[in-house]
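Novice: In the working numbering, the protein residues as written are 380 to 654. By construction, the Cβ of each residue, glycine as well, lies at the ideal position given by its N, Cα and C atoms.
1) When the Cβ atoms of the stretch 545-561 are set against those of the stretch 610-625, are three or more pairs found closer than 8 Å?
2) Output the boundary residues of the alpha helix (DSSP H) element that contains residue 605.
3) Indicate whether residue 516 and residue 588 have their beta-carbon atoms separated by less than 7 Å.
4) Since residue 555 is in the alpha helix (DSSP H), which residue starts that stretch and which ends it?
5) Give me the Cα-Cα distance between residue 458 and residue 480, rounded to the nearest whole angstrom.
6) Excluding the 5 residues flanking residue 465 on each side, which residues of the same chain have their C-beta closer than 7 Å to its C-beta?
7) To which residues of the same chain is residue 469 closer than 6 Å at the C-beta, ignoring the five residues directly before and after it?
8) With DSSP collapsed to three states, give me the class of residue 441.
9) Quick one: what's residue 618 bridged to in DSSP?
10) Per DSSP, which residues does residue 658 bridge with? Please list them.
11) Could you tell me the boundaries of the alpha helix (DSSP H) in which residue 576 lies?
12) By the 10 Å Cβ neighbour count, where 16 or more other Cβ atoms means buried, how is residue 630 classified, buried or exposed?
13) Here's a check: name, in chain order, each residue in its chain whose Cβ is nearer than 6 Å to the Cβ of residue 492, leaving out the five neighbours to either side.
14) Please report the straight-line C-alpha distance between residue 488 and residue 441, rounded to a whole angstrom.
15) Measure the Cβ-Cβ separation of residue 573 and residue 601 and say whether it is below 7 Å.
16) Does the Cβ of residue 412 have 16 or more other Cβ atoms within 10 Å, making it buried, or fewer, making it exposed?
17) With DSSP collapsed to three states, give me the class of residue 474.
18) Three-state secondary structure (DSSP) at residue 497?
19) Relative to the C-alpha of residue 506, which candidate in 435, 449, 486 and 460 has its C-alpha closest?
20) Can you tell me which of the three DSSP states residue 503 falls into?
21) Using 7 Å as the threshold, is the C-beta distance between residue 436 and residue 550 below it?
22) If you draw a straight line from the alpha carbon of residue 419 to that of residue 408, how long is it in whole angstroms?
23) Are the stretch 570-585 and the stretch 606-616 touching by the rule of at least three beta carbon pairs closer than 8 Å?
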């Protein structure tokens, strides 16, 4: 019977000398590559077990003084004769801020006095302008109240936010690439959806109310953030990667806000039961 193998080849395979030889499986370079791959896999497993992934929700907010803005209103109808204060000026409770000329036969000039102490943020009338009872003369903030951030989250997002959660705030007037973020925490979450009149009470600006309503896509949830104080920075508040700018952040400044709503190990994304 013929065979397809050469006899010399069969003899070499059956030789005891050939059977005693070790077979070289891998080279030194292959072992190094294998060890490197093992190190990468072990690092990935370790990160999956002890690393953290943060889930955040983001929106636009605004810096305000605690309690919001306050409107000084006219006690009667008439024509504005004069406005005696300017934007940025400090006023005291009971201080006259404007004077009205009432309708003929209604008496002499009427002084409009501020029921609050604070800093004037916005003038709402000009001399010569006709006003009705309860018209706004100016908006002010109570300077003694701490600076905070108000955010109006969409209802579906706001329900995830809880008091004590950490937040990062980027004022619109400063680059986060240069100064980092202001550090804050959630101080208050409204139990009910906000209405336009309620937002107006806080913001005293119809355009801002409409802006936040549009951003939320309907009735939002009001959230307040407390800034982390730091006496070593010019602003008086802590920043994530620097001392912050050399100027202070003022009320009325818009800001981008990010709130960390959850943290979990990466393995929990693959194996939910490992959370």
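Specialist: So, from the listed chains and residues:
1) yes
2) Reading the chain shown from its first residue, position 226 is the one you call residue 605. It is not in any alpha helix (DSSP H) - residue 605 instead sits in the beta strand (DSSP E) that spans 600-606.
3) Residue numbering aside, residue 516 sits at position 137 when the chain shown is read from its first letter. Residue numbering aside, residue 588 sits at position 209 when the chain shown is read from its first letter. Not a contact, by the Cβ cut-off of 7 Å.
4) Translated into positions along the chain shown, residue 555 becomes position 176. It spans 555-558 - the alpha helix (DSSP H) in which residue 555 sits, taken as one unbroken run.
5) Counted from its first residue, the chain shown places residue 458 at position 79. Counted from its first residue, the chain shown places residue 480 at position 101. Straight-line Cα distance between these residues: approximately 5 Å.
6) The residue labelled residue 465 in the question sits at position 86 within the chain shown. Taken in chain order, the residues that qualify are 499.
7) Within the chain shown, the letter at position 90 stands for residue 469. Only 498 meet the Cβ criterion.
8) As a working note, residue 441 is residue 62 in the chain shown. Three-state result, residue 441: strand.
9) The residue labelled residue 618 in the question sits at position 239 within the chain shown. DSSP output for residue 618 lists 561 as bridge partner(s).
10) Outside the shown range of the chain (380 to 654) lies residue 658, about which nothing can therefore be said.
11) Within the chain shown, residue 576 is the residue found at index 197, counting from 1. Here the alpha helix (DSSP H) through residue 576 covers 575-582.
12) Taking the first residue of the chain shown as 1, we reach residue 630 at position 251. It is buried - the Cβ of residue 630 has at least 16 other Cβ atoms within 10 Å.
13) Taking the chain shown and counting its residues from 1, one reaches residue 492 at position 113. Around residue 492: 473 and 475.
14) Working through the chain shown from its first residue, we reach residue 488 at position 109. Working through the chain shown from its first residue, we reach residue 441 at position 62. Going by the C-alpha atoms only, they are around 38 Å apart.
15) By 1-based counting over the chain shown, the position of residue 573 is 194. By 1-based counting over the chain shown, the position of residue 601 is 222. Yes, Cβ-Cβ distance for residue 573 and residue 601 is below 7 Å.
16) Position 33 of the chain shown, counted from the first residue, corresponds to residue 412. Residue 412 comes out exposed.
17) As a working mapping, residue 474 is identified with position 95 in the chain shown. Three-state DSSP puts residue 474 in coil, outside helix and strand.
18) Position 118 of the chain shown, counting from 1, holds the residue named residue 497. Of the three classes helix, strand and coil, the one that applies to residue 497 here is strand, per DSSP.
19) Position 127 of the chain shown holds residue 506. Looking at the Cα atoms, 460 is the closest of the given residues.
20) Here residue 503 refers to the residue found at position 124 when the chain shown is read from its first residue. Correct three-state label for residue 503: coil.
21) The sequence position of residue 436 within the chain shown is 57, counting from 1. The sequence position of residue 550 within the chain shown is 171, counting from 1. No, they are not a contact pair.
22) On the chain shown, position 40 is the one that residue 419 refers to. On the chain shown, position 29 is the one that residue 408 refers to. So the two alpha carbons sit approximately 17 Å from each other.
23) no
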